[in-house]
Structure formats: C-alpha cells, structure tokens
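Taking it in order: structure first as structure tokens, then the write-up.
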Amino acid sequence: MTATAPRLASRLDAVQPSPIIVVAGMAREMKAKGEDVVSLSIGVPGFLPPAHVYEAAHAAVDKDTGDYLAGRGSDALVQAFIASMKARGFDYTAGEVTAQNGGKGLLFNLFLALLDAGDEVVIPAPYWASYPEMVKIVGGTPAIVQATAEQDYKMTPAQLEAALGPNTKAILFNNPSNPTGMLYSADEVKALAGVLVKHPDVWVISDDIYDMLVFDGSKRAAHLLDFAPELKSRTIIIQSVSKTYGMPGWRVGMVAAPKQVVDALLKLTSQSHTNLPAVTMAAAAAAFGGDQNFLAEQKARLMAQRDTALAALANMDGVTCPVPQGAFYVFPQVRALFGKTSAGGRLIDSDVAFCEALLAEARVAVVPGGAFGDDGAIRISYAGKADELAKGLARMGEFVASLR
Ligand SMILES: Cc1ncc(COP(=O)(O)O)c(C=O)c1O
Numbered sequence: 031m032t033a034t035a036p037r038l039a040s041r042l043d044a045v046q047p048s049p050i051i052v053v054a055g056m057a058r059e060m061k062a063k064g065e066d067v068v069s070l071s072i073g074v075p076g077f078l079p080p081a082h083v084y085e086a087a088h089a090a091v092d093k094d095t096g097d098y099l100a101g102r103g104s105d106a107l108v109q110a111f112i113a114s115m116k117a118r119g120f121d122y123t124a125g126e127v128t129a130q131n132g133g134k135g136l137l138f139n140l141f142l143a144l145l146d147a148g149d150e151v152v153i154p155a156p157y158w159a160s161y162p163e164m165v166k167i168v169g170g171t172p173a174i175v176q177a178t179a180e181q182d183y184k185m186t187p188a189q190l191e192a193a194l195g196p197n198t199k200a201i202l203f204n205n206p207s208n209p210t211g212m213l214y215s216a217d218e219v220k221a222l223a224g225v226l227v228k229h230p231d232v233w234v235i236s237d238d239i240y241d242m243l244v245f246d247g248s249k250r251a252a253h254l255l256d257f258a259p260e261l262k263s264r265t266i267i268i269q270s271v272s273k274t275y276g277m278p279g280w281r282v283g284m285v286a287a288p289k290q291v292v293d294a295l296l297k298l299t300s301q302s303h304t305n306l307p308a309v310t311m312a313a314a315a316a317a318f319g320g321d322q323n324f325l326a327e328q329k330a331r332l333m334a335q336r337d338t339a340l341a342a343l344a345n346m347d348g349v350t351c352p353v354p355q356g357a358f359y360v361f362p363q364v365r366a367l368f369g370k371t372s373a374g375g376r377l378i379d380s381d382v383a384f385c386e387a388l389l390a391e392a393r394v395a396v397v398p399g400g401a402f403g404d405d406g407a408i409r410i411s412y413a414g415k416a417d418e419l420a421k422g423l424a425r426m427g428e429f430v431a432s433l434r
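Counting from 31, one number per residue, gives the positions in the sequence shown under my numbering.
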C-alpha cells in the first residue's frame, strides 16, 4: 500500500515562499558543504547590537518569574518604544502601541485584522517581497503601483491617486524602501500625504523599519504624519529592532497605531502567540531606550558600503543603478544583459536565470528582482562584512564581463 496524506489547505496554493529566504537558504547550504559562497541576499544589518542589549537579556533570565507575560509587551519595552517614537516627533500612549513577533509577524497579523476578502491594498512596486503574499494569504488583493527605475523607483502622487478606488482598504508606504533603498524627499512625502488626506476610508500603513538609516543628512526619513497630522487616526506605524539595532534574530516588531487597531492585534495574539519571550523584550527595551550614538557609526559604515557597491556596479557594462539614499540595498537593472550566455553555457533570459547562473558559476547569492515586483532587476544587500561585499562584487563584475 502506498502511503497517503490528507490534503493541505488551498489557502497557500497561490502563495510564493519568500524568495529571499529561499536564496539565503541555498547559499547557507552551499556554505555548509564547504563551498566558498558570498551571500549578498538576505537583509542582515551586518553589526551586533550595543553591549547594553546583551546585558539586559542576561538580566532578564535572572529575573524570570515563571509567568506568562503581558501581550502588549513588558512595561519597560512599551515605555522605551514610546520614548523612541517621541524622539522621532510622534506622541503615542501605552494603549496605542504593542509588541509583535517581528515586523513580519506584525504585518501578517495586521492584514488579518484589517482585511476582508476582496479588500485591496495599494502596494508601490518595487516592494518588500512579503507584502503581496501576506495580503493574498488573508484573502485580500494586492493593487500594485509600478514605479520604474527611470522614476527612481518612487510612486508619483498621480499614480497613487489613480490606484485608490472603492475597494481600497489600505496603502503601504515604506520609506526608505526595501528593495531599492530609495528615499522619498520631504516634498515627495508631502505630495503623497496630500493625496491620502482626500481618501478618508483608507488605512495608511507606514513601514518605518529603516527610517533612521538614511544618508541625506537628516535624522530620520520624512513621514506622512509630518505633513498631514490629521492622518494619525488611520495611520499604522511599523517598527522593528531588526535593522536599526542589528537584531534580526530577536524577532521584535512594534506598532504605533490608533487604539482600535492595537486592540484588534492584541485580541488576535491572545489567541496565537500570547506574548513575546521575556529575554527578547528586555533586549528590545534596552535597544529602544539605550544610547543611540552607535547609529552614527553604523550609518557611516553603510554609506561607505553603498558607495563601494555603486562604484563596482558602475564598472559593469549593461548594469545601471539609481543611487539609494537609505536602508542597505541596491537594486540595479540587469535587463540589458538578457539574451547573453554565461561562460558555463547558461542562457541569461531573466532575472532568475541571472541569479541562478551567478550563484552556480560565480558563487554569489543575490535575489531576483521579480520577487520585489521588477523582473529586470536584482537586489543586493550590502550591509554585511566589507571584505565579503568586495569579494562578491568583484566576482559579479567578472561574471558580467564574461557574458557573451
Ligand atoms: C520593508 C520591511 N518590512 C518589514 C520587514 C520585517 O522585518 P522583521 O520581521 O525582521 O522585523 C523587513 C525585513 O526585511 C523589511 O525589509
């Protein structure tokens, strides 16, 4: 008798696994087999958090009470996050914030809380790969607004206006952007805010997890609420310790939003993960509440690595790249190379083919741009170790030069 298994739910049939996780996993497996692979794929910030974060985590173990903990987060975490929002210029009370399981878990729960079947979420492309898939999992419909490399990957106010319709439930705004690193200027944000104030039935999800990692000399990225404070009653701010504090594995995301949204998230997580681990909450509280001076050094390092990446890409024929002003990604166009053949005989006819050949023949892992809504591009995460970045870029340069 052959072994059979019951059917899985059809919910995931149209959902893609995160290509970022897939590519990073392939690189990890190759490394584990002893292969000399450079991974410029997943968005790791490339630095460890300040020492006080680890001290707080150790202290939390010593202070463990053996209890379940508050779903909203420890008082220390809630207060440290409120102070961190205050330093950004935003006022929130304890009832308007909650901790969640990473920015990713938070966004997933948020879509569960906001969307009914058929509700549309306007997502400017290039977008973070998980946004549309999450929307689809909960039965919503992604409404993609394509921003091209020629427009510096930034959605225009006219495009936003055209995308907002009777079924629009929410819009996602991510400044600066993963995957492009592009930063909307104050004037550009102001113009988009001007459109959104005219659409009172739309939730505004502002994914601000890179807002402190900006290279234009400002302290943080311009924000919709800077120009339209009246949007606050329907704006949901996403934050995370992953990128700013070098803590992606700790899985702490924070939301600042109208109380009804936070209450809905708490209702949801009271039936799912209950609370975050005490240790990670203590560490996140120390990160948000502690000295922020390390950030200047990290920003300078990231900017230098961005420049290294841009200089290398500028020397690759057929590769063009708008100059990013934030986060830690470059999103070069490689479409001009499609139709060429690699030294190993692979036809480069797509972003995926480019990335597969680059990994197989040059041992460099990057992510196909199609995962982010632009299949003429690739995404390079440049925040890792400087020597690895240089090695990966040199290999990619040789690979591109060898295409015929
Ligand atoms: C734009 C954006 N939002 C949210 C996340 C989720 O981050 P985390 O779950 O690590 O907090 C990421 C991670 O790469 C991201 O790039």
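Ideal placement from N, C-alpha and C gives every residue a C-beta, glycine not left out.
Could you please give me the residues that DSSP links to Ser-160 through a beta bridge?
Under DSSP, no beta-bridge partner is assigned to Ser-160.
Taking C-beta to C-beta, are Ala-179 and Ala-407 nearer than 9 Å?
Yes, these two residues count as a Cβ contact at 9 Å.
Return the CA-CA distance between Val-151 and Ala-193, expressed in angstroms with no decimal places.
Answer to the nearest angstrom: the Cα atoms are 10 Å apart.
Beta-carbon within less than 6 Å of Val-53's beta-carbon, same chain only, minus the 5 sequence neighbours each way: which residues are those?
Ser-71, Ala-395 and Val-397
Own chain partners of Leu-388 with C-beta closer than 7 Å, once the 5 adjacent residues on each side are dropped
These residues qualify, in order along the chain: Val-394, Val-396, Met-426 and Phe-429.
May I ask you to list the residues that DSSP assigns as paired with Asn-208?
The partner list for Asn-208 (beta bridge, DSSP) is empty, contrary to what the question assumes.
With respect to the beta strand (DSSP E) encompassing Ile-408, which residues constitute its N-terminal and C-terminal limits?
From DSSP, the beta strand (DSSP E) with Ile-408 extends over 408-411.
Nearest candidate by alpha-carbon position, reference Leu-340, set Leu-222, Tyr-412, Met-115 and Pro-209:
Tyr-412
Buried or exposed for Asn-345, going by 16 or more other Cβ atoms inside 10 Å?
exposed
Just to check, is the beta-carbon of Gly-135 closer than 8 Å to a non-hydrogen atom of ligand 1?
yes
Any heavy atom of ligand 1 closer than 8 Å to the beta-carbon of Asn-204?
yes
Give me the residue from Thr-198, Leu-261, Gln-176 and Phe-361 with the minimum Cα distance to Gln-189.
Gln-176
Give, in chain order, every unbroken run of the beta strand (DSSP E) that is at least 3 residues long and sits entirely within the stretch 321-388.
none
If you follow the alpha helix (DSSP H) that Gln-290 is in, where does it begin and where does it stop?
That run of the alpha helix (DSSP H) goes 289-300.
Residue environment, Asn-131, which counts as buried when at least 16 other CB atoms sit within 10 Å
buried
Where DSSP assigns a beta bridge to Leu-202, which residues make up the other side?
Ile-235
For Val-309, which of Ala-86, Lys-166 and Pro-362 has the nearest alpha-carbon?
Ala-86
Who does Val-285 pair with in a DSSP beta bridge?
Thr-128 and Ile-268
If we ignore side chains and look at the alpha-carbon of each, how far apart do His-82 and Ala-316 end up?
7 Å
Given 8 Å, three or more beta-carbon pairs between the stretch 92-103 and the stretch 230-246:
no
Verify the contact flag: Val-271, CB atom, against every heavy atom of ligand 1, threshold strictly below 8 Å.
yes
Could you check if Asn-208 belongs to the surroundings of ligand 1, using beta carbon to heavy atom distance under 8 Å?
yes
Paired residues, beta bridge with Ser-69 - DSSP:
DSSP lists Ala-395 as the beta-bridge partner residues of Ser-69.
C-beta contact flag for Gly-224 and Phe-203 at 9 Å
no
Contact between the stretch 60-69 and the stretch 372-386: three or more CB pairs below 8 Å?
The stretch 60-69, when compared against the stretch 372-386, does not touch it at the 8 Å Cβ threshold.
Rounded separation between Asp-381 and Gly-125 - CA only:
Distance between the alpha carbons of Asp-381 and Gly-125 is about 45 Å.
What is the rounded straight-line gap between the Cα of Gln-322 and the Cα of Val-292?
Their backbone Cα atoms lie some 27 Å apart in a straight line.
Helix, strand or coil: how does DSSP classify Thr-304 here?
coil
Would you mind reading off the limits of the alpha helix (DSSP H) that contains Gln-46?
Unbroken run through Gln-46: none, as it is neither H nor E.
Output the boundary residues of the beta strand (DSSP E) element that contains Pro-155.
For the record, residue 155 in the displayed sequence is Ala; it is not Pro. Counting along the chain, the beta strand (DSSP E) containing Ala-155 begins and ends at 150-155.
DSSP three-state label for Val-227, please.
Assigned with DSSP and collapsed to three states, Val-227 falls in coil, not helix or strand.
From Gln-328 to Asp-337, what distance separates their C-alpha atoms?
Distance between the alpha carbons of Gln-328 and Asp-337 is about 14 Å.
Option in Lys-184, Leu-213 and Ala-334 with minimal Cα separation from Ala-420:
Ala-334
Unbroken alpha helix (DSSP H) run spanning Val-108, endpoints
105-118
Would Gly-319 pass as a contact of Ala-113 if the rule is Cβ separation under 9 Å?
yes
Could you tell me the distance, in whole angstroms, from the CA atom of Gln-363 to the CA atom of Arg-409?
9 Å
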